[in-house]
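What follows is a single structure, written as structure tokens, with notes after it.
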Ligand code: 5GP
């Protein structure tokens with residue numbers, strides 16, 4: 001019997017959509033699911049930890065990893081680099097684990113072209129006003145940074161038609177339920193269930 005590969009789930013959404021909270025809720029609900037820890041050149045926010053939320057690295061280290069082809073994808077986002085380390089993803093997928101990527105729209109585009117079977121999901125709050133409110137509520141960023149993130153969010157909304165699913169994060173637990181349902185459906189794809197028909201046809 002062939003070892004089933006896990007599902008690669010791309011999750012995008014504007015900064016402030018609540019992706020981290022929803023991802024945590026998804027991870028609590030499902031087994032064998034790995035959150036891909038990205039590398040970033042931005043500073044940690046209060047409460048964030050190296051090796052948990054991100055690997056916080058210098059521009060030089062980031063460029064070194066680009067040279068070594070260590071990223072599945074990377075992108076610039078509001079003055080900083082963000083990249084998805086390739087190795088851990090491949091290891092988990094081939095062991096049958098699902099993998100969640102929390103990445104922005106340019107990175108999502110690259111992953112879709114490199115991994116056509118990836119499932120992509122865009123997460124938004126119930127309204128744009130709610131997004132503004134959430135970003136201001138964070139109090140860890142300057143008004144200028146918040147303005148940059150809102151401008152970027154507007155551009156990102158235009159990419160939503162490229163995604164397979166749109167999840168509205170009004171209540172995080174419900175959004176997590178929907179993402180679990182998406183992962184469950186992905187696991188039921190015929191391509192994922194070849195072992196049940198091999199030998200019969
Ligand atoms: P934040 O600074 O709020 O943690 O993340 C900013 C944006 O970068 C978010 O939209 C997040 O999804 C995205 N991001 C985080 N990691 C990666 C990554 O490895 N690659 C890409 N392309 N985007 C990422």
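Residue numbers (the numbering used here): 1 to 201.
Note that beta-carbon positions come from the ideal geometry of N, C-alpha and C, so glycine has one too.
Because the structure is a prediction, the values reported are computed rather than measured.
- Around the beta carbon of residue 198, a 10 Å sphere encloses fewer than 16 other beta carbons of the protein chains shown; the residue is thus reported as exposed.
- At a threshold of 7 Å, residue 56 does not count as near ligand 1, since its beta carbon sits no closer than that to any of the ligand's heavy atoms.
- For residue 196, there is no enclosing beta strand (DSSP E), as DSSP gives it neither H nor E.
- Residue burial is scored here from C-beta neighbours: residue 119 has at least 16 other C-beta atoms within 10 angstroms and is therefore classed as buried.
- Nearest Cα to residue 38 within the set 68, 75 and 5: 75.
- Linking residue 133 to residue 84 through their CA atoms gives a straight-line distance of about 29 Å.
- In the DSSP assignment, no residue is bridged to residue 137.
- Nearest neighbour of residue 164 by Cα position, chosen from 56, 109, 52 and 172, turns out to be 109.
- Here the alpha carbon of residue 125 sits roughly 19 Å from the alpha carbon of residue 101.
- Runs of beta strand (DSSP E) with 3 or more residues, each lying fully within the region 103-188, are found at 119-124 and 165-168, listed in chain order.
- Following the DSSP letters along the chain, one finds residue 92 in no beta strand (DSSP E) but inside the alpha helix (DSSP H) bounded by residues 86-94.
- Uninterrupted alpha helix (DSSP H) stretches at least 4 residues long and entirely within the region 36-78 occur at 59-67, given in chain order.
- Exclusion of residue 41 from the 7 Å shell around ligand 1 follows from its C-beta lying no nearer than that to any non-hydrogen atom of the ligand.
- If you ignore the 5 residues before and after residue 131, its C-beta comes within less than 8 Å of the C-beta of 14, 16, 17, 124, 125, 150 and 153, all in its own chain and listed in chain order.
- With a cutoff of 7 Å, residue 159 does not count as near ligand 1, since its C-beta is closer than that to no heavy atom of the ligand.
- Boundaries of the beta strand (DSSP E) around residue 12: 8-12.
- Spatial neighbours of residue 103 in its own chain (CB-CB distance under 8 Å, excluding positions within 5 residues in sequence) are listed in chain order as 10, 11, 12, 38, 73, 75, 82, 84 and 111.
- In this structure, the straight-line span from the alpha carbon of residue 30 to that of residue 155 is close to 32 Å.
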